[in-house]
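Under our numbering, the residue at position 32 of the sequence shown is numbered 1450, and the numbers go up by one with no gaps.
Using N, Cα and C, we set each Cβ at its ideal position, and we do this for glycine too.
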Amino acid sequence: MPSRNLCSEIEIFDDPSLERVFFNLFDNAHRHGEHATEAVVQCGTDGEALTIVVEDNGIGISEEEKEKIFEKGWGKNTGYGLFLVREILSITGITIRETGTPGKGARFEIRVPRECWRKSGT
1419 MPSRNLCSEI
1429 EIFDDPSLER
1439 VFFNLFDNAH
1449 RHGEHATEAV
1459 VQCGTDGEAL
1469 TIVVEDNGIG
1479 ISEEEKEKIF
1489 EKGWGKNTGY
1499 GLFLVREILS
1509 ITGITIRETG
1519 TPGKGARFEI
1529 RVPRECWRKS
1539 GT
């Protein structure tokens, strides 16, 4: 599945396991998005925190499941993927939530505190 990264000028201070977070989000889009054909990564800041949005154009996640997907054991396979994603991020104060519209794709918002990121070259 093609992906687009619109955050190439951002550096996040975190351990190497952050790569696993994005792998899991893309893998879930591919495996569970049914008709998902693209995943996009976008970034924005409010002057303090950085918000990274990872979204696909698949089937999305129902309102009832939006918090459950982060629970240990929840899911169609091992049930550890998004649980571990949230755990990895929370170690450094980074948060994640699902804000997509069911039927229009999954959308994960990752909020990174100011002390955990910078623009490249600064």
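Inter-residue Cα distance where the pair is residue i and residue j
i	j	result
S1435	I1506	7 Å
G1523	E1533	31 Å
Y1498	R1504	10 Å
N1438	I1514	Per the sequence shown, residue 1438 should be read as Arg rather than Asn. If I take the Cα positions, the gap works out to 14 Å.
D1432	I1528	13 Å
T1455	T1510	32 Å
Residue closest to residue i, alpha-carbon to alpha-carbon, out of the options
i	options	result
K1537	H1448, G1465, A1447, G1451	G1465
L1468	C1425, K1522, E1516	C1425
F1441	L1500, T1463, I1512, E1516	L1500
F1526	I1470, G1511, W1492	I1470
T1519	E1485, R1449, S1480	S1480
E1516	E1427, E1437, D1474, D1432	D1474
C1461	K1490, I1428, N1446	I1428
I1487	G1521, I1509, N1446	N1446
Sheet register partners of residue i (DSSP bridge)
i	result
C1461	I1470
V1517	In the sequence on display, residue 1517 carries Thr and not Val. Beta-bridge pairing links T1517 to no other residue.
Integer-rounded CB distance, given that residue j should sit under 8 Å from residue i
i	j	result
I1477	H1448	Between H1448 and I1477 the Cβ distance is about 12 Å, and since that is not below 8 Å, they are no contact.
V1472	L1443	5 Å
Any chance you could list the beta strand (DSSP E) runs of at least 3 consecutive residues sitting entirely within the region 1480-1507, in chain order?
Listed in chain order, there is nothing to give.
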